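A.B. asks:
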Amino acid sequence: MASLARTGLLRHSQLMLASKTVPATGRLSQATRTTSILSRQAVPSVLATVPRFAPFSTSAQKKIMPPGPQVIEGGVNDPAPVPKPSPIHGSYHWTFERLVSIGLIPLTLAPFTAGAISPAVDASLVFLLIIHSHMGFQSCITDYFSVRKHPGLRKFCDWTLNIATLLVMWGFYEFETNDVGLAEMIKRVWRAGANDATIGKAEASGLGHDGKLKHLKD
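According to numbering that gives the first Met the number 0, the residues represented by the sequence shown are 0 to 217, in order.
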């Protein structure tokens, strides 16, 4: 409201300065009347040049994403369609998201506090991370790409997300079964600097390859 009031005051002051009108007190001379008539005629042109909003009350318009096509279904007297209630898309989905988020807390802390417990714990951590990320991206697609406005783009984004999720699951499955696993990989990356220092000390002491491996294991 304050910005609108400031904008109205600015427009009024600019119009007064442009028209240079004088309040009608008493009798006006012929020249004054002529000036007043001319100023009234100039008001529309002045309105065209005066900005609609004050520059300090609004920001520049930036069209990051163009608006989608406007789809009108039915007439003015038709009731708005109400989607059929489904607990799978409502309370069950919300509860499942909360359970996944809560389950990630102990599974994330356990490998780094108690060590590598078992491959099953590491696999559970990877699985919940993928499901959590999938639901997050799915929520973004649902919010920004409506089925009513962008049916083709929405279907493309859904299929792209599903395929990407399956590829990530397959990649982590290969990594968990044929390699060291997620928790052990993070530990090795975290201790990479310490391992380099151990190798340097081993080379300085003249140890062979077996000695370097022994220091790394320690």
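Every residue gets a Cβ at the ideal spot worked out from N, C-alpha and C, and that includes glycine. Since the model is a prediction, treat every value here as computed from it, not as a measurement.
Between the beta-carbon of G180 and the beta-carbon of D121, is there less than 8 Å?
C.D. replies: The answer is yes: Cβ separation under 8 Å.
A.B. asks: Using the Cβ count rule (16 or more neighbours within 10 Å means buried), how would you classify P110?
C.D. replies: Looking at its Cβ environment, which holds 16 or more other Cβ atoms inside 10 Å, P110 is buried.
A.B. asks: With distances taken Cα to Cα, identify the nearest neighbour of D157 among F144, V125 and L106.
C.D. replies: Out of F144, V125 and L106, F144 has the C-alpha closest to the C-alpha of D157.
A.B. asks: Quick one: grab the DSSP three-state call for P82.
C.D. replies: Looking at P82 - three-state DSSP - the assignment turns out to be coil, as it is neither helix nor strand.
A.B. asks: With distance defined between alpha-carbon atoms, name the residue in H131, V188, L152 and L160 nearest to P68.
C.D. replies: Per the Cα distances, L152.
A.B. asks: Comparing alpha-carbon positions, which option in L106, L124 and G135 lies nearest N161?
C.D. replies: Checking every option, the nearest Cα to that of N161 belongs to G135.
A.B. asks: From L103 to L124, what distance separates their C-alpha atoms?
C.D. replies: Approximately 7 Å between the Cα atoms of the pair.
A.B. asks: What is the rounded straight-line gap between the Cα of A119 and the Cα of L165?
C.D. replies: Those two C-alpha atoms are separated by around 19 Å.
A.B. asks: Can you check whether the CB of R147 is closer than 8 Å to the CB of V70?
C.D. replies: Yes, the pair counts as a contact, with Cβ atoms nearer than the cut-off.
A.B. asks: For V167, which residues from the same chain have a beta carbon less than 7 Å from its beta carbon, with the 5 sequence-adjacent residues on both sides left out?
C.D. replies: Cβ within range, chain order: I129.
A.B. asks: State buried or exposed for F95, treating a residue as buried only when at least 16 other CB atoms are found within 10 Å of its CB.
C.D. replies: That one is exposed.
A.B. asks: Does the Cβ-Cβ distance between H133 and S100 come in under 8 Å?
C.D. replies: No. Outside cutoff.
A.B. asks: In this structure, how does DSSP classify H149 when only helix, strand and coil are distinguished?
C.D. replies: If DSSP states are grouped into helix, strand and coil, H149 belongs with coil.
A.B. asks: Quick one: what does DSSP say D157 is sitting in, helix, strand or coil?
C.D. replies: Note: D157 maps to helix in three-state DSSP.
A.B. asks: Within a Cβ cutoff of 6 Å, which residues of the same chain sit near L221, ignoring the five residues on either side of it in sequence?
C.D. replies: The requested residue 221 does not occur in the structure, where the chain is confined to residues 0 to 217.
A.B. asks: So is A163 buried or exposed if we call it buried at 16+ other beta carbons inside 10 Å?
C.D. replies: By the 10 Å Cβ count, A163 comes out exposed.
A.B. asks: May I have the straight-line CA-CA distance separating A193 from T112, to the nearest angstrom?
C.D. replies: Going from the Cα of A193 to the Cα of T112 covers about 19 Å.
A.B. asks: Whose C-beta lies closer than 7 Å to the C-beta of Q137 among residues of the same chain, with five residues either side of it excluded?
C.D. replies: Cβ within range, chain order: L160.
A.B. asks: If you drop the 5 nearest sequence neighbours on each side, which residues of the same chain put their C-beta closer than 6 Å to that of V188?
C.D. replies: So the list is empty, once near-sequence residues are dropped.
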